[in-house]
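All remarks here apply to the structure that follows.
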Amino acid sequence: MTSQRAAGLAFLFPALLYIVVFFGYPLFNNLVMSAQDYTVKSFYTGDAPFVGFANYAAVVHNPMFVRAVVNTVSFTVGSIAFQFTIGLALALFFNDRFPGSDTLRSLLLLPWLLPLVVSGAVWRWMLDQDHGIVNAALRALHLSHLLHPSGGPVPWLTSTTWSMPAVILTNIWVGIPFNLVILHGGLRAIPDSLYEAAALDGANAWQRFRHVTWPLLRPVTGIVLMLGLVYTIKVFDVIMVVTGGGPANATQTLTTWSYGLSFRDFAFGQGAAVGNILILAATGFGVLYARLARQSMDAA
Amino acid sequence: MRAYGRTALGLVIVGVLLFPLYWMFNASLQPSGALLKPSPDLFPVAGTLDGYRAALGTQQGHLVASIIVSLGTVAVSLAVAMPASYALAQLEVRGGPVVLFAMLIVQMIPGIVMANSLYTVFGHLGLIDSYLALILADSTATIPFAILLLHSFMMAIPKELSEAALVDGASHWRTFISIIVPVSRNAMVTAGLFSFLFAWADFLFAITLTTGQTFEPITVGIYRFLGNQSADWNGIMATAVLASIPAAILLVVAQRYVVAGMTSGAIKD
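Sequence lines, in order, name chains A and B.
What the first sequence shows, in full-length UniProt numbering, is residues 1 to 300, in sequence order.
What the second sequence shows, in full-length UniProt numbering, is residues 1 to 269, in sequence order.
Structure below.
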């Protein structure tokens with residue numbers, strides 16, 4: 001039916017137009033900008049000289065680059081490792097039905113629904129060196145000396161040592177619900193009969209997890225980890241609100257650095273270059289994930 | 001008995017994980033002086049509504065701006081995503097799978113890249129500091145999500161339904177409006193709620209595409225409030241509580257949509 005095909009295109013047209021104008025063009029524009037000396041002046045004169053790979057060279061040779069990459073990796077790995085482990089533990093806990101299990105589990109979604117600026121502000125208040133509840137709790141539990149040699153309040157947000165753990169802690173809290181929900185959905189899809197059979201074979205709880213839950217959960221695990229990676233590598237709000245990338249760039253990641261280059265230093269070309277490197281990294285991980293997924297599928 | 005032990009443990013877990021929210025609420029009700037004591041008060045015994053007064057006084061404009069941007073984003077997202085999903089799910093469009101795959105991929109583009117680029121584009125168009133710019137920018141995040149969600153819902157609508165209408169002589173547009181849209185109401189609510197929530201929570205586009213001369217959404221309002229030298233935690237936390245209201249309402253009113261939305265954002269099909 002040709003009329004149906006024409007109608008299909010007509011209905012799809014606004015979306016196609018939107019993709020081209022608001023994804024295609026910006027991505028292209030970003031690529032062009034990264035090869036231009038694009039500054040505030042360019043906005044008025046419309047003149048941005050072509051500089052080839054100069055922006056990329058400037059960015060890569062900037063001492064900040066290695067720092068931002070290392071910070072991005074520690075932030076991402078630290079966040080995901082804990083989000084995933086805690087999310088999985090909670091998913092397993094709530095997978096057994098008990099009175100109130102559904103209600104309690106859905107309450108745990110709240111941190112995920114809140115604006116990140118709100119979560120960031122709350123944690124910034126809780127991690128305040130002198131008046132924050134975290135240091136008050138550490139003091140009350142006599143744990144301060146474990147974290148801080150002097151035993152005084154931990155300078156979470158003002159020291160180069162503790163600011164990264166502080167933003168990771170905040171981001172873990174934000175990310176737990178997502179891991180919990182997706183992994184819980186995966187657990188629900190595993191047939192009870194498999195557990196019954198394992199129990200008949202005399203498998204204990206750990207063996208049931210190791211030989212039934214974990215292998216059957218693997219596809220969902222892959223999705224959660226990959227999405228976690230893609231989301232975490234580009235986190236902006238949490239870091240901006242909790243530490244602003246400081247102190248002394250200790251929490252500066254590729255994302256916040258790109259923002260700083262463009263909107264603080266007005267070096268839009270360099271900001272675009274860092275943004276493109278970020279896209280490259282995210283795509284690289286995506287491809288790597290796809291390959292690993294295929295390999296594990298072939299092996300199975 | 002063992003089941004109730006689990007419930008008790010579950011309560012403890014929820015208590016620990018949601019403690020930051022209680023702490024925000026607690027601080028929003030305590031006078032600023034009390035917040036700066038060496039050991040904090042666990043309950044707002046000498047409570048005050050000063051924080052809320054300050055929040056409503058200084059943040060009112062930001063709240064209104066956020067409502068306008070969020071509602072606008074919902075309208076644009078649904079207007080684009082509904083017909084597209086109908087085409088992808090019910091009419092055989094060539095290249096449909098490619099479009100769906102693209103929707104999945106574009107969600108992975110870092111927001112900072114979009115912000116960087118949209119800033120220069122909107123700058124040339126004179127759209128910086130306009131509601132339109134923020135609505136269009138926020139839609140870049142909500143439209144792909146809405147299309148994936150609505151598409152997977154509309155795949156489940158039997159094709160016979162729209163085919164019957166077409167046989168009866170209704171146009172495609174008529175079929176879409178009087179059959180597809182009413183049947184898809186639940187999925188539309190989910191997509192709309194998530195679009196609202198995303199736009200409400202957006203900070204990156206809000207801070208890059210506005211200069212504060214005309215208006216600023218509430219997320220930027222909180223950020224600027226935080227940056228004040230004399231951080232008034234009572235007022236900041238009251239503002240944070242107000243900014244959390246849409247999320248809380250969503251969780252209470254539309255709980256089952258939330259899980260549906262979360263999973264459909266993550267898993268295709």
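Glycine included, each C-beta is placed from N, C-alpha and C at the ideal position.
Comparing C-alpha positions only, which one of B:R53, B:V64, B:M82 sits nearest to L12 of chain A? Reading the first sequence from its first residue, position 12 is the one you call residue 12 of chain A. Comparing Cα-Cα distances from L12 of chain A to each of B:R53, B:V64, B:M82, the minimum goes to B:M82.
May I have the straight-line CA-CA distance separating A250 of chain A from V183 of chain B, to the nearest angstrom? For the purposes of this step, residue 250 of chain A is taken as residue 250 along the first sequence, with counting starting at 1. For the purposes of this step, residue 183 of chain B is taken as residue 183 along the second sequence, with counting starting at 1. One C-alpha to the other measures close to 52 Å.
Would DSSP call Q90 of chain B helix, strand or coil? By one-based count along the second sequence, residue 90 of chain B stands at place 90. Note: Q90 of chain B maps to helix in three-state DSSP.
Nearest-angstrom Cα separation, counted from H131 of chain A out to G33 of chain B: Position 33 of the second sequence holds residue 33 of chain B. Position 131 of the first sequence holds residue 131 of chain A. The straight-line gap from Cα to Cα measures roughly 11 Å.
Starting from W173 of chain A, find everything on chain B with Cβ-Cβ shorter than 8 Å and list it in chain order. In the first sequence, residue 173 of chain A corresponds to position 173, counting from 1. Residues of chain B passing the Cβ test: L17, P20.
Have a look at the DSSP bridge pairing and note the partners of F50 of chain A. On the first sequence, position 50 is the one that residue 50 of chain A refers to. Paired residue(s): A:Q36.
Touch check for the stretch 126–145 of chain B and the stretch 210–229 of chain B: three-plus C-beta pairs under 8 Å? Flag = yes, the stretch 126–145 of chain B and the stretch 210–229 of chain B touch.
Of the residues that make up the stretch 227–238 of chain A, which ones have a beta carbon closer than 7 Å to any beta carbon in chain B? L227, V230, K234, F236, D237
Any idea what DSSP makes of V20 of chain A, helix, strand or coil? The residue given as residue 20 of chain A occupies position 20 in the first sequence. Three-state result, V20 of chain A: helix.
Assuming the contact rule is C-beta atoms closer than 8 Å, T142 of chain B and S195 of chain B should be a hit. Round their C-beta distance to whole Å, please. Looking up residue 142 of chain B in the second sequence gives position 142. Looking up residue 195 of chain B in the second sequence gives position 195. Sure, about 4 Å apart at Cβ, within 8 Å.
Report the three-state DSSP secondary structure of G202 of chain A (helix, strand or coil). Taking the first residue of the first sequence as 1, we reach residue 202 of chain A at position 202. If DSSP states are grouped into helix, strand and coil, G202 of chain A belongs with coil.
Among A:T256, A:L183, A:T103, which residue has its Cα nearest to the Cα of L227 of chain A? Indexing the first sequence from 1 puts residue 227 of chain A at position 227. When only C-alpha atoms are compared, the closest one is A:L183.
Determine which residues of the stretch 115–129 of chain B have a Cβ less than 9 Å from any Cβ of chain A, and write them out in chain order. A115, N116, S117, L118, Y119, T120, V121, G123, H124
What's the gap between the Cα of N30 of chain A and the Cα of G175 of chain A? In the first sequence, residue 30 of chain A corresponds to position 30, counting from 1. In the first sequence, residue 175 of chain A corresponds to position 175, counting from 1. Cα-Cα distance, rounded: 29 Å.
Between the CA atoms of Q36 of chain A and N55 of chain A - distance to the nearest angstrom: To locate residue 55 of chain A, count along the first sequence from 1; it is residue 55. To locate residue 36 of chain A, count along the first sequence from 1; it is residue 36. One C-alpha to the other measures close to 8 Å.
In three-state DSSP terms, what is V12 of chain B? Translated into the one-based positions of the second sequence, residue 12 of chain B becomes position 12. V12 of chain B falls in the helix class under three-state DSSP.
Interface residues of the stretch 198–212 of chain B facing chain A [CB-CB below 7 Å]: W200, A201, F203, L204, T208
What alpha helix (DSSP H) runs, 4 residues minimum, are completely inside the stretch 94–140 of chain A? 101–107, 110–113, 116–126, 133–140
Any C-beta of chain A under 8 Å from that of V113 of chain B: As a position in the second sequence, residue 113 of chain B is number 113, starting the count at 1. So, interface residue.
Relative to chain A, which residues along the stretch 60–89 of chain B have a C-beta separation below 8 Å, given in chain order? A79, V80, A81, P83, A84, Y86, A87, L88
Cβ-Cβ separation, S144 of chain A to G151 of chain A (assumed contact under 8 Å), whole Å: Mapped onto the first sequence, residue 151 of chain A falls at position 151. Mapped onto the first sequence, residue 144 of chain A falls at position 144. Indeed they touch by this definition, with Cβ atoms about 5 Å apart.
In angstroms, rounded to a whole number, what distance separates the CA positions of G246 of chain A and V167 of chain A? What you label residue 246 of chain A is simply residue 246 of the first sequence in a count that begins at 1. What you label residue 167 of chain A is simply residue 167 of the first sequence in a count that begins at 1. When rounded, the distance between both Cα atoms is 11 Å.
8 Å CB neighbourhood of V154 of chain A in its chain, flanking five on each side removed: As a working mapping, residue 154 of chain A is identified with position 154 in the first sequence. Taken in chain order, the residues that qualify are Q129, V134, N135, L138, S144, L147, H148, W162.
Measure how close the beta-carbons of I233 of chain A and A281 of chain A come, nearest whole angstrom, since I'm counting them as under 8 Å. Translated into the one-based positions of the first sequence, residue 233 of chain A becomes position 233. Translated into the one-based positions of the first sequence, residue 281 of chain A becomes position 281. About 6 Å; that satisfies the 8 Å criterion.
Any heavy atom of the ligand SAH closer than 7 Å to the CB of M154 of chain B? Absence of the ligand SAH is noted for the structure shown, with no ligands found whatsoever.
Cα-Cα, which of A:G222, A:M240, A:L114, A:P219 is closest to L250 of chain B? Against the second sequence, residue 250 of chain B aligns to sequence position 250. When only C-alpha atoms are compared, the closest one is A:L114.
Mind checking W214 of chain A: buried by the 16 CB within 10 Å criterion, or exposed? The count along the first sequence starts at 1 and reaches residue 214 of chain A at position 214. With fewer than 16 Cβ atoms within 10 Å of its Cβ, W214 of chain A is classed as exposed.
Compute the distance between the beta-carbons of V118 of chain A and A248 of chain B, then report whether it is under 8 Å. Your numbering for residue 118 of chain A matches position 118 in the first sequence. Your numbering for residue 248 of chain B matches position 248 in the second sequence. Not a contact, by the Cβ cut-off of 8 Å.
For P246 of chain B, which of helix, strand or coil comes out of DSSP? Start at 1 with the first residue of the second sequence, and residue 246 of chain B comes out as number 246. Here P246 of chain B sits in helix by DSSP.
Under a three-way DSSP split, which group does G123 of chain B fall into? If you number the second sequence from 1, residue 123 of chain B lands on position 123. In the structure shown, G123 of chain B sits in a helix (DSSP, three-state: H, G or I).
What is the DSSP secondary structure of T73 of chain B, counted as helix, strand or coil? The residue given as residue 73 of chain B occupies position 73 in the second sequence. Helix.
Out of A:F43, A:P63, A:A81, A:S34, which has the shortest C-alpha to C-alpha gap to H124 of chain B? Taking the second sequence and counting its residues from 1, one reaches residue 124 of chain B at position 124. For H124 of chain B, the nearest C-alpha among the options comes from A:F43.
How would you list, in chain order, the residues of chain B whose beta-carbon sits under 7 Å from the beta-carbon of G100 of chain A? Residue numbering aside, residue 100 of chain A sits at position 100 when the first sequence is read from its first letter. Going along chain B in sequence order, the residues near G100 of chain A (Cβ under 7 Å) are T7, G10.
Is N228 of chain B buried or exposed, if buried means 16 or more other CB atoms sit within 10 Å of its CB? Walking along the second sequence from the start, residue 228 of chain B turns up at place 228. N228 of chain B comes out exposed.
Span of the alpha helix (DSSP H), counted from its first residue to its last, around A231 of chain B: Looking up residue 231 of chain B in the second sequence gives position 231. Premise fails: A231 of chain B is in no alpha helix (DSSP H) and is neither H nor E.
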